[in-house]
Amino acid sequence: MTPKKLLVSLFVCVALIEGCSKQTMENRQSPLAAQIKQFAPTELCGDTSRLSEGDRKALAILFEVSKLVDRIYTRQVWSGNTWLRERLEADTSAEGKEGLHLYNIYYSPWSGLDSGKAFIHDPVDHRPIPSKRPEGADYYPEDMTKSEFESWLKSLPASEQKKATGFFHTIRRGKDGKLKTVPYSEEYYDLLEPASRLMRQAAGLTDNASLKKFLNLRAEAFLTNDYYASDVAWMELDSPIEPTIGPYEVYMDELFNYKAAFEAYITLRNDEETKKLELYSRHLQEIENNLPIDAKYRNPRLGALSPIRVVDEVMIGGEARSGVQTAAYNLPNDERITAEKGSKRVMLKNVQEAKFNSVLVRIAEKVLDADQRSKLAFEPFFTHILTHELMHGLGPHNITVAGKQTTVRQAMKDLSSAIEEAKADVSGLFALQFLMDKGIVDKSMEEPLYITYLAGVFRSVRFGINEAHGKGMALQFNYLLDEGAFEYNRQNGTFRVNLARIKDATKKLTSVILTLQAEGDYAGVKSLFDKYAVVRPEMKSVLASLTEIPVDIEPRFALTDKSR
Ligand code: ZN
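Using our numbering, read the sequence shown as starting at 146 and increasing by one per residue.
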């Protein structure tokens, strides 16, 4: 779609805002249709009426960049992924169309929910589709083992080791069969070069200086593979358009959690909500100083810059688009920046509202004790996600293990994402309780907070406990159940919060997780997951009663997405 056509549709989008968040349920029978129905199609919009003329034009170009990011990510997932998408697009049969629809939800032939199993099984053009996604995605050669990588790593000088374990290099085999690093700027040059050109073009159109700076620097990073300056510029963005475009999260690298997947969130700032939430960020150091851990593990000086934004999503691309939708994120992940400047939290408010209405309200009807059900509310749901994001920036990050400087992420290897998510959830409860006790957050939120959190556990665990968030949630749920903070009613199969026990129990678990992270205790974290990150019979039967409820939303950006 040309930028000019997009502009016309943006105006329509404004007119349609009232019609947003409506869902349509389709009633079809095939096995793929059942999987498609797990995602409630939901239209997401944002208010473009406050944008300047230049910003509107820049926005239309950023939608095009987002589509290029889609193509990079598609390639990162698996070496056959782009080829498979083309085959599915060419298949006009009803079954082929359903395959493409589900493929477009997951951006791969593997379900993100069903333990990552393939939903397209038969070889296409005689090329077999692996039954599960390769653990190292396409970041590493498919035939490479963990131990081959580790012994190769030991043979490298320090500067090369940094690339090999860093975010922005793929690992390939040279002609001699030996492993080597390839910078993203080279690996994806054919897509990063045009993306870079478009971003410079958008930079020329916007009249916002901070956006101009970010777009120009990120355009440069795409070609130089040095993301530092553009990450700093992203931290300092103060603009009605809030784009996040680049290689960020490492979840897809299930071998080591080292490599970053490309994604794009094109969003519009929600000024009113952002102001409300800045209140919380003023108390971050106070929360850090009161974390329930040994004082020596607390950070006496958090990074000065901890911006927080509440935005509405108007277009996404790459990893942001695949599977379960992100409700909020905390970036960048580069420790050089989090150590110096903290990190920025972006809350996707229209996504959160859509999830709450399409999914959580219906889950609560099934899982919560009838007496507590009426306490379910959007405000505590939204506020807990906010504190989850805030807490990613607190607690141990740069640590010393056996006299050696390292990071929690490096020390926790394959478990780093899951333990970090569990930490953010449970310490978020601790932080909110702290703010309520101080009178900064209204005390009336207390009961709704814990009850909404309990319902939310089931929403997360439904994603599967192999994924970082679901795994982290299963850990919290079983730990809190054993502490008597959650109670199961065998008669009617519902759960309730024991309000007398929940505060101490969440504080205790916060302490356990933060201490393991501070000490870089990988074995300790592993045994915690082995014990608690499981689906026990009670939870299993409740989960089985939720099968008709969608697991998540399938976002539709009707006005930018017509080609889909
Ligand atoms: Zn998180």
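Where a beta carbon is used, it is the ideal one built from N, C-alpha and C, also for glycine.
Practice task
Using a threshold of 7 Å, state whether the C-beta atoms of residue 251 and residue 244 are closer than that.
Solution key: Result no, Cβ atoms of residue 251 and residue 244 do not sit closer than 7 Å.
Practice task
Spell out the partners DSSP gives residue 388 in its beta bridges.
Solution key: Answer by DSSP bridge pairing, in chain order: 411.
Practice task
Assuming residue 502 and residue 455 form a contact by the criterion Cβ under 8 Å, report the distance between their Cβ atoms to the nearest whole angstrom.
Solution key: Contact flag wrong, Cβ pair sits at about 18 Å.
Handout entry: Expected contact under 8 Å - CB spacing of residue 600 and residue 698 to nearest Å
Key = About 17 Å; that fails the 8 Å criterion.
Problem - Runs of alpha helix (DSSP H) lying entirely within the stretch 571-650, each at least 4 residues, in chain order - result: With a minimum length of 4 residues, the continuous alpha helix (DSSP H) runs that stay inside the stretch 571-650 are 591-606, 613-627.
Practice task
Please go through the same chain and pick out, in chain order, the residues whose beta-carbon is closer than 7 Å to the beta-carbon of residue 261, but skip the five residues on each side of it.
Solution key: For residue 261, same chain residues with a beta-carbon under 7 Å away, outside a window of 5 residues either side, are 255, 277, 278, 611 in chain order.
Problem - DSSP-derived helix/strand/coil call for residue 152 - result: Here the model assigns residue 152 a pLDDT of 40, short of 50, so the residue's position is not dependable and the matter cannot be decided.
Handout entry: Backbone CA spacing between residue 554 and residue 671 [nearest angstrom]
Key = Those two C-alpha atoms are separated by around 14 Å.
Handout entry: Rounded C-alpha distance that separates residue 246 from residue 579
Key = The alpha-carbon atoms of residue 246 and residue 579 are separated by roughly 45 Å.
Handout entry: For residue 473, the residue or residues it bridges with in DSSP
Key = Its beta-bridge partners are 492.
Problem - Whole-Å CB distance - residue 380 paired with residue 489, under 8 Å assumed - result: Going by Cβ atoms, the distance from residue 380 to residue 489 rounds to 5 Å, so yes, they are a contact pair.
Practice task
Tell me whether residue 223 sits in a helix, a strand or coil according to DSSP, three-state version.
Solution key: Reduced to three states, the DSSP call for residue 223 is coil.
Handout entry: Same chain, Cβ closer than 7 Å to residue 434, five either side skipped, listed in chain order
Key = Sequence-distant partners of residue 434 (beyond 5 residues in either direction) whose C-beta falls short of 7 Å from its own C-beta, in its chain, are 443.
Exercise for the section: For residue 513, write down the residues that DSSP places opposite it in a beta bridge. Expected result: Looking at the DSSP assignment, residue 513 forms a beta bridge with 640.
Exercise for the section: Determine the closest residue to residue 505 out of 568, 339, 195, 596, with distance taken between C-alpha atoms. Expected result: Considering only alpha carbons, the answer is 596.
Problem - residue 322, buried or exposed, once every other Cβ within 10 Å from all chains shown has been counted against 16 - result: Taking all protein chains shown into account, residue 322 has fewer than 16 neighbouring C-beta atoms within 10 Å of its C-beta and is therefore exposed.
Exercise for the section: Report buried or exposed for residue 392, applying the criterion of at least 16 other Cβ atoms within 10 angstroms of its Cβ. Expected result: Per the 10 Å Cβ criterion, buried.
Practice task
Counting only runs of 4+ residues fully inside the stretch 522-560, write out the alpha helix (DSSP H) ranges in chain order.
Solution key: 523-537, 553-557, all fully within the stretch 522-560.
Handout entry: Alpha-carbon to alpha-carbon, residue 568 and residue 658
Key = When rounded, the distance between both Cα atoms is 6 Å.
Exercise for the section: Name the one or two DSSP bridge partners that residue 452 has. Expected result: Beta-bridge partners assigned by DSSP to residue 452: none are found.
Problem - Cutoff 6 Å; reference residue 209; Cβ partners in own chain excluding five residues on either side - result: These residues qualify, in order along the chain: 343.
Exercise for the section: Just the C-alpha distance for residue 431 and residue 575, rounded to the nearest angstrom, thanks. Expected result: So the two alpha carbons sit approximately 13 Å from each other.
Exercise for the section: Along the alpha helix (DSSP H) that carries residue 239, what are the first and last residues, could you check? Expected result: Where residue 239 is concerned, the enclosing alpha helix (DSSP H) stretches over 239-251.
Exercise for the section: Report the partner residues of residue 327 according to the DSSP bridge assignment. Expected result: DSSP lists 315 as the bridge partner or partners of residue 327.
Practice task
Go to residue 179, then tell me how far its alpha helix (DSSP H) extends in each direction, as first and last residue.
Solution key: First-last of the alpha helix (DSSP H) with residue 179: 176-181.
Handout entry: residue 569 beta carbon near the ligand ZN (any heavy atom closer than 6 Å)
Key = Yes, the Cβ of residue 569 comes within 6 Å of a heavy atom of the ligand ZN.
Problem - Any non-hydrogen atom of the ligand ZN closer than 6 Å to residue 566 Cβ - result: Yes; taking the cut-off as 6 Å, the Cβ of residue 566 has a heavy atom of the ligand ZN nearer than that.
Exercise for the section: Please classify residue 691: does DSSP put it in a helix, a strand, or coil? Expected result: Here DSSP, grouped into helix, strand and coil, assigns residue 691 to coil.
Handout entry: The alpha helix (DSSP H) enclosing residue 264, as first and last residue numbers
Key = Counting along the chain, no alpha helix (DSSP H) covers residue 264, and no H or E run does either.
Practice task
Would you tell me roughly how many angstroms separate the C-alpha atoms of residue 691 and residue 304, rounded to the nearest one?
Solution key: In this structure, the alpha-carbon of residue 691 lies about 50 Å from that of residue 304.
Problem - Bridge partner(s) assigned by DSSP for residue 460 - result: Paired residue(s): 411.
Handout entry: For residue 693 and residue 624, the rounded distance between their alpha carbons
Key = Approximately 28 Å between the Cα atoms of the pair.
Handout entry: residue 184 - DSSP class collapsed to helix/strand/coil
Key = It is a strand residue.
Exercise for the section: Can you grab the Cα-Cα spacing for the pair residue 226 / residue 275, in whole Å? Expected result: Roughly 11 Å separates the two Cα atoms.
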